[in-house]
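Engineer: Under the working numbering, the first residue of the sequence shown carries the number 49, and numbering increases by one thereafter. The beta-carbon is built from N, C-alpha and C at its ideal position, and this holds for glycine as well.
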Amino acid sequence: MKTIICESALDLGQHAAHEGAAILRKVLTERDHARIILATGASQFTMLDALLNEPDIAWHRITMFHLDEYLGLPPTHPASFRKYLWERFVSKLPVPLQAAHWIDGEANIELECHRLGKLISHFPIDLAFIGIGENGHLAFNDPPADFETEKPFIPVQLDEACRQQQLGEGWFATFNDVPDQAISMSIQQIMKSKAIICSVPDSRKARAVENAVKGPVTPAVPASILQNHRNCRLFLDTHSAALL
């Protein structure tokens with residue numbers, strides 16, 4: 049895992065997007081399509097804005113998956129990750145994506161995990177844009193995360209720290225409004241990505257970053273698994289890197 053420390057969250061987003069765009073351009077010179085994973089949350093704001101402004105990306109040759117979605121939340125809800133990605137990124141692209149495979153949090157959970165698993169297994173993922181949660185989670189794989197399952201998408205129970213983060217970021221009015229279940233891409237599926245761009249701004253993530261970078265690889269710190277990835281670039285600002 050390569051760590052890059054930037055001066056600000058804005059600088060972080062621009063650098064992460066630039067690196068990701070370079071990877072995508074290279075893939076698309078070698079093949080007629082590319083497949084990406086996108087994350088959501090406040091940590092991705094500046095990166096997604098910058099990625100939209102990167103030139104010469106053939107988005108019509110790119111297929112997108114996203115990491116997770118709450119159970120029971122319609123795409124009209126302000127906290128829906130489908131709504132987030134559509135409004136902040138997909139609808140703003142200069143051309144439509146080749147495909148966007150949305151997680152339907154209102155569907156039967158087992159059938160939806162199976163459907164998505166079949167779709168993502170057709171071809172490898174070229175690039176995953178991800179973040180790290182305050183509790184060290186990747187996607188909605190809260191600690192202790194399942195490092196072993198080979199299922200691409202799994203049902204998960206959200207812990208209190210994860211739900212408090214969603215409340216603190218302003219996605220919900222009260223703690224009780226935050227769902228306690230979700231569909232999440234699994235740790236093993238994330239790790240199968242050929243390249244990973246991980247964007248983590250803000251001082252509230254500093255302890256999780258320290259544990260993920262300097263601590264042992266353990267399900268108690270799900271993001272620590274990134275130490276084992278051959279091509280992961282971790283973008284931090286001075287606040288999230290404060291404990292390194």
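1) Could you say if the region 95 to 102 and the region 130 to 149 meet the contact criterion of at least three C-beta pairs nearer than 8 Å?
2) Taking the C-alpha atoms as reference points, what is the distance between A260 and Q275?
3) Would you grab the beta carbon distance between D285 and S56 for me? Rounded to a whole angstrom, and I think it's under 8 Å.
4) Under 7 Å: does the beta carbon of R255 sit that close to some heavy atom of the ligand HEM?
5) Along the chain, where does the alpha helix (DSSP H) containing M233 start, and where does it finish?
6) For a minimum of 4 consecutive residues, which ranges assigned as the alpha helix (DSSP H) are wholly contained in the region 135 to 203?
7) Near I85, what residues of its chain come up, given a Cβ to Cβ distance below 8 Å and the 5 sequence neighbours on each side ignored?
8) Can you look up H81 in the DSSP assignment and give me helix, strand or coil?
9) Could you say which of L72, E117, E198 lies nearest to E102 if we only look at CA atoms?
10) Determine the DSSP secondary structure at H287, reduced to helix, strand or coil.
11) Look at the Cβ atom of E208, then the Cβ atom of K253, and state whether they are nearer than 8 Å.
12) Report the residue ranges of all alpha helix (DSSP H) runs contained in full by the region 246 to 274; include only those spanning at least 4 residues, in chain order.
13) Could you give the distance in angstroms between the alpha-carbon of V265 and the alpha-carbon of I273?
14) Taking one C-beta from the region 67 to 81 and one from the region 181 to 195 each time, how about it: are there three or more such pairs within less than 8 Å?
15) Can you find the residues in the same chain that come closer than 8 Å, C-beta to C-beta, to D250, ignoring five residues on each side of it along the sequence?
16) With distances taken between CB atoms, is the gap from E117 to I245 smaller than 8 Å?
17) Is DSSP giving D104 helix, strand or coil here?
18) Go through its chain and collect everything with a Cβ distance to A65's Cβ below 7 Å, but skip five positions before and after it.
19) Should E154 be flagged as near chain D, meaning a C-beta pair shorter than 8 Å?
20) Taking Cβ to Cβ, would you say W150 is nearer than 8 Å to R130?
21) Could you tell me the alpha carbon to alpha carbon distance between E258 and L164, rounded to whole angstroms?
22) Output needed for R211: all residues of its chain with C-beta closer than 7 Å, excluding positions within five of it in sequence on either side, in chain order.
Structural biologist: To lay it out plainly:
1) With the cut-off at 8 Å, the region 95 to 102 and the region 130 to 149 touch.
2) About 8 Å.
3) 6 Å
4) In the structure on display, the ligand HEM does not appear, and there are no ligands present to speak of.
5) It is not in any alpha helix (DSSP H) - M233 instead sits in the beta strand (DSSP E) that spans 229 to 233.
6) 157 to 168
7) M112, F113, H114, L115, I173, L175, A176, F177, I178, M233, I238, S241
8) coil
9) L72
10) coil
11) no
12) 254 to 262
13) 6 Å
14) no
15) A57, A90, S91, D285, H287, S288
16) Cβ distance not < 8 Å, so E117 and I245 don't count as in contact.
17) Correct three-state label for D104: coil.
18) Only M95, A98, L99, E102 meet the Cβ criterion.
19) Going by chain labels, chain D is absent from the structure shown, which holds only one protein chain.
20) yes
21) 33 Å
22) F223, V226, D228
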